[in-house]
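Have a look at the structure below before the remarks.
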Amino acid sequence: MKKNYLFLLLIFAFSNFNVDAQSDTVQTFVFSDSTKRSGIFKFPSINEKYRKVLMLYTLKCYPKVSKYDNKYPCGEWDYLTYTLVTAKDGNVYEIGRYITPYGINLSLGPNGFKWVYDVTDYQNLLRDSVKLSAGNTQELLDLKFVFFKGTPPAEVIKINQIWDKGAMSYSYNDLSSNKRLFSKAIKVETSANRLKYRSRITGHGHNSNDGNYPHCCEWKDNTHSLYSGNNLIKEWHIWQTLDCADNPVFPQGGTWPYSREGWCPGDRVKDTEFDITKYKINDSITIDYGITPVPANNAGMGNGNYVMAHHLIQYAKPSHSNDAEIYDIISPSIAQINNKFSPTCEEPKIIIRNNSTDTISSLDIEYNVSGGYKMKYKWTGKLGFLQTQTILLPIYDAGFYRGDGTNVFHCSIIKSNGTMDGYSENNSMSSPFKLPDVYKDKMYVEFKTNNYPNENHYVIRNSQDSVILLRDNLAANKVYRDTLKNMKAGCYTLELIDEGTDGLSFWANSGQGSGYLRFRRATGTNVLKNFGTDFGYRIYYAFIIDSLARGKQPQEPINTENEMLIVPNPSNGNFTIVTSGLTGQYKLEIFDAIGNLVYHRYINSEKEQDIEIKNLNISSGLYFIKLANSEKKIVRKLIVN
37 MKKNYLFLLL IFAFSNFNVD AQSDTVQTFV FSDSTKRSGI FKFPSINEKY RKVLMLYTLK
97 CYPKVSKYDN KYPCGEWDYL TYTLVTAKDG NVYEIGRYIT PYGINLSLGP NGFKWVYDVT
157 DYQNLLRDSV KLSAGNTQEL LDLKFVFFKG TPPAEVIKIN QIWDKGAMSY SYNDLSSNKR
217 LFSKAIKVET SANRLKYRSR ITGHGHNSND GNYPHCCEWK DNTHSLYSGN NLIKEWHIWQ
277 TLDCADNPVF PQGGTWPYSR EGWCPGDRVK DTEFDITKYK INDSITIDYG ITPVPANNAG
337 MGNGNYVMAH HLIQYAKPSH SNDAEIYDII SPSIAQINNK FSPTCEEPKI IIRNNSTDTI
397 SSLDIEYNVS GGYKMKYKWT GKLGFLQTQT ILLPIYDAGF YRGDGTNVFH CSIIKSNGTM
457 DGYSENNSMS SPFKLPDVYK DKMYVEFKTN NYPNENHYVI RNSQDSVILL RDNLAANKVY
517 RDTLKNMKAG CYTLELIDEG TDGLSFWANS GQGSGYLRFR RATGTNVLKN FGTDFGYRIY
577 YAFIIDSLAR GKQPQEPINT ENEMLIVPNP SNGNFTIVTS GLTGQYKLEI FDAIGNLVYH
637 RYINSEKEQD IEIKNLNISS GLYFIKLANS EKKIVRKLIV N
């Protein structure tokens with residue numbers, strides 16, 4: 037039997053973490069001093085091999101009677117916190133970063149709130165006796181490390197801290213003028229086969245000449261660049277457009293929903309990673325960092341700062357030539373980080389990853405819920421070594437989620453590139469989930485606008501993504517009541533959007549007034565569901581009318597020769613609709629998330645099997661692409677970044 041090892045640094049009492057079903061060995065270390073944030077801890081032997089290492093970062097509020105903070109048990113301010121490991125040679129490495137939430141009137145739940153970090157790259161630092169520090173004393177912290185026995189995608193030969201050790205702060209002026217993080221040549225080990233750049237960058241400070249937005253560098257969206265000599269390797273952005281406003285840790289007692297440069301209050305800092313192997317020359321690689329220059333007309337922004345860690349990961353040759361992984365299940369899920377979009381009755385959403393030498397261009401995926409029927413999907417695309425892709429798994433209807441009542445979703449890779457996958461240990465994953473709330477009474481939606489109704493609209497869709505109800509073009513401070521008529525038994529989704537990203541009421545924007553959203557019983561005045569008003573960007577709520585019938589076993593896999601594929605997906609607005617096996621004329625239509633038609637034309641499916649769509653003047657978001665004639669209708673989702 038395969039064994040997973042759980043090593044735990046615990047800084048307060050904890051609840052059990054359920055390691056995956058294959059686990060039969062758990063080792064636990066307990067530290068009860070709630071002020072202790074560093075120490076030397078025993079980790080697995082360097083002689084053991086692990087395919088994956090996860091760090092589970094669970095934040096908890098102090099008991100209200102705590103001597104440390106009896107006014108704000110969940111803390112008060114958004115502080116930078118670092119997880120640091122001291123290597124055997126004395127060098128300090130940052131392996132993760134977290135920003136604490138605005139804790140005033142915040143609840144993190146009875147067992148705290150958990151974030152998951154993939155620290156597999158750093159596993160050689162987490163061996164034998166390890167000096168480690170994490171967090172601060174504003175909240176309580178459970179820090180757990182889960183080691184999954186097996187073969188990693190590639191052995192890490194060396195980690196280079198490209199410029200400085202640990203996590204360092206740099207002024208925007210110094211970065212812009214290249215006084216810091218200038219070009220540097222790094223020796224590549226003889227046995228290194230792949231090179232990856234991995235960075236962790238957050239912008240801070242409220243600096244400008246005139247005090248007007250955007251202040252730098254918390255509030256300025258800059259372009260970050262990596263060069264090798266005169267060659268631009270990659271440009272990227274770390275701006276958290278909707279990440280903060282969709283944070284499942286809400287509402288917080290501060291300006292939590294506003295977009296920021298590389299971080300959100302009450303969230304882990306996301307790493308940027310990409311392959312740079314081809315820029316190696318002989319036994320070295322030259323790396324240089326660049327950033328959007330300080331604006332000439334606003335030099336005061338240069339007084340802002342960035343906190344950064346830049347690592348070069350040197351890998352041996354990948355362990356397998358054909359190895360795809362189910363990396364994560366986003367939905368259905370009961371993971372706290374997915375709370376804002378759970379429960380759901382929409383398509384399952386998973387992340388796949390290529391862990392192998394070969395580029396992966398196709399995957400055969402099988403999925404079901406316990407006791408339910410199995411479905412198959414053929415994904416096509418292009419993934420290089422350690423690249424990931426988020427994909428939706430099609431279902432015929434929400435009845436897919438009715439199984440034997442245990443509510444566990446299973447997903448497996450059956451084939452990779454048309455053949456058996458070369459490493460089966462990471463091909464499958466399961467996720468427990470909850471079904472949406474059930475309503476048996478007739479009801480209506482009651483929505484009161486605030487002073488800014490132009491920021492809001494709401495829509496209800498059925499499980500086939502058809503719009504049942506849409507409310508937009510709203511008036512200020514008006515109550516709208518929409519009876520949900522002729523609703524067939526099944527699953528539906530309500531989504532309320534606030535383009536201002538500050539909900540229907542928010543302490544920092546009193547000028548918008550307040551509104552509300554409720555479900556009420558059609559006969560009488562009973563409130564069936566009252567939604568919070570300080571929700572950031574959106575309310576997402578799936579619900580069942582009457583009951584959810586068990587779906588029927590499909591007659592054929594969902595991916596047949598009649599499949600319609602969108603490539604690439606997500607897209608920047610330019611994409612290709614790939615079809616096969618269709619005959620005759622079809623009407624092509626593209627709708628936005630609230631049902632507005634944004635594009636349409638007729639196609640001859642026998643002459644236009646690859647339909648190129650270019651330069652659509654559409655904004656980022658979710659779209660639906662439909663091909664239909666009198667005999668067939670095919671609908672696929674498209675995400676535009």
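Residue numbers for the sequence shown follow the working numbering, beginning at 37 and rising by one.
Just so it is clear, CB atoms sit at the ideal spot from N, CA and C, and this is done for glycine as well.
Through-space distance from residue j to residue i, alpha-carbon basis
i: D282; j: V444; result: 25 Å
i: D157; j: K521; result: 54 Å
i: N598; j: I639; result: In this prediction, N598 has a pLDDT of 47, which is less than 50 and means its spatial position is unreliable; what the coordinates show is noted afterwards. About 15 Å.
i: I135; j: F184; result: 27 Å
i: S357; j: D394; result: 5 Å
i: S502; j: L92; result: 39 Å
i: K103; j: C97; result: Reliability of the predicted coordinates at K103 is poor, the pLDDT of 49 falling under 50, and no value is obtained from them.
i: F48; j: R163; result: In this predicted model, F48 has a pLDDT of only 29, less than 50, meaning its place in the structure is not dependable enough to derive any value.
i: M523; j: L530; result: 13 Å
i: V634; j: S641; result: 21 Å
i: D60; j: D257; result: At D60, the pLDDT of 29 sits below 50, so the modelled position is not reliable; the number obtained from the coordinates is stated separately. Approximately 47 Å, taken between the alpha carbons.
i: E644; j: A360; result: 32 Å
i: R672; j: I365; result: 20 Å
i: D508; j: F310; result: 41 Å
i: T308; j: R236; result: 7 Å
i: N545; j: T485; result: 15 Å
i: Y659; j: I675; result: 6 Å
i: F43; j: D628; result: Note that F43 has pLDDT 44, beneath the 50 cutoff, so the model's placement of it is unreliable and no number is given.
i: V614; j: I602; result: 6 Å
i: P80; j: H493; result: 53 Å
i: L348; j: R234; result: 6 Å
i: D400; j: T416; result: 9 Å
i: P137; j: D303; result: 7 Å
i: N562; j: R556; result: 6 Å
i: T619; j: I661; result: 18 Å
i: K451; j: I269; result: 33 Å
i: N374; j: Y573; result: 15 Å
i: I670; j: V481; result: 31 Å
i: I580; j: G439; result: 16 Å
Bounding residues of the beta strand (DSSP E) (the contiguous stretch that carries residue i)
i: L618; result: Run containing L618: none; DSSP gives neither H nor E here.
i: L116; result: 116 to 122
i: V285; result: No beta strand (DSSP E) holds V285; DSSP gives it neither H nor E.
i: Q197; result: 192 to 197
i: R672; result: 669 to 676
i: E482; result: 479 to 484
i: H356; result: Run containing H356: none; DSSP gives neither H nor E here.
i: D534; result: 526 to 534
i: E648; result: 646 to 649
Proximity of residue i and residue j at Cβ, strictly below 9 Å
i: F571; j: F149; result: no
i: K201; j: T322; result: no
i: L553; j: F542; result: no
i: K679; j: I396; result: The requested residue 679 does not occur in the structure, where the chain is confined to residues 37 to 677.
i: A345; j: A203; result: yes
i: N608; j: N677; result: yes
i: L95; j: C381; result: no
i: P354; j: E383; result: no
i: N487; j: L510; result: no
i: S205; j: H240; result: yes
i: T291; j: P284; result: no
i: R296; j: W272; result: no
i: N391; j: L422; result: yes
i: S550; j: L540; result: yes
i: L90; j: F218; result: no
i: A578; j: T519; result: no
i: F77; j: V166; result: yes
i: R133; j: Y118; result: yes
Start and end residues, alpha helix (DSSP H) containing residue i
i: L422; result: Segment: none, L422 is in no alpha helix (DSSP H) and carries neither H nor E.
i: S212; result: 208 to 212
* **Cβ contact (3+ pairs, closer than 8 Å) linking the region 167 to 186 and the region 211 to 218** => With a cut-off of 8 Å, the region 211 to 218 and the region 167 to 186 do not count as touching, because too few Cβ pairs lie within range.
* Pick out the complete beta strand (DSSP E) segments inside the region 229 to 283, 3 residues or longer, and give them in chain order. => If we require 3 residues or more, the beta strand (DSSP E) runs fully inside the region 229 to 283 come out as 230 to 240, 260 to 264, 267 to 272.
* Asked: Counting pairs of beta carbons, one from the region 322 to 339 and one from the region 428 to 438, are three or more of them closer than 8 Å?
  -> No contact exists between the region 322 to 339 and the region 428 to 438.
* Asked: Are three or more beta carbon pairs between the region 488 to 499 and the region 461 to 473 nearer than 8 Å?
  -> The region 488 to 499 makes no contact with the region 461 to 473; the number of CB pairs closer than 8 Å stays below 3.
* Cβ contact (3+ pairs, closer than 8 Å) linking the region 120 to 128 and the region 78 to 85 -> Judged by Cβ distances under 8 Å, the region 120 to 128 makes no contact with the region 78 to 85, as fewer than three pairs qualify.
* To do: Taking 8 Å as the threshold, find out whether the region 326 to 343 comes into contact with the region 252 to 270 through three or more Cβ pairs.
  => Three or more Cβ pairs closer than 8 Å define a contact, and the region 326 to 343 meets that threshold against the region 252 to 270.
* Counting only runs of 4+ residues fully inside the region 385 to 419, write out the alpha helix (DSSP H) ranges in chain order. => Considered as a whole, the region 385 to 419 harbours no complete run of any alpha helix (DSSP H) with no fewer than 4 residues.
* To do: Enumerate, from N- to C-terminal direction, the unbroken beta strand (DSSP E) stretches of 3 or more residues contained entirely within the region 294 to 369.
  => Considered as a whole, the region 294 to 369 harbours 308 to 311, 320 to 327, 341 to 351, 360 to 367 as its complete beta strand (DSSP E) runs of no fewer than 3 residues, in chain order.
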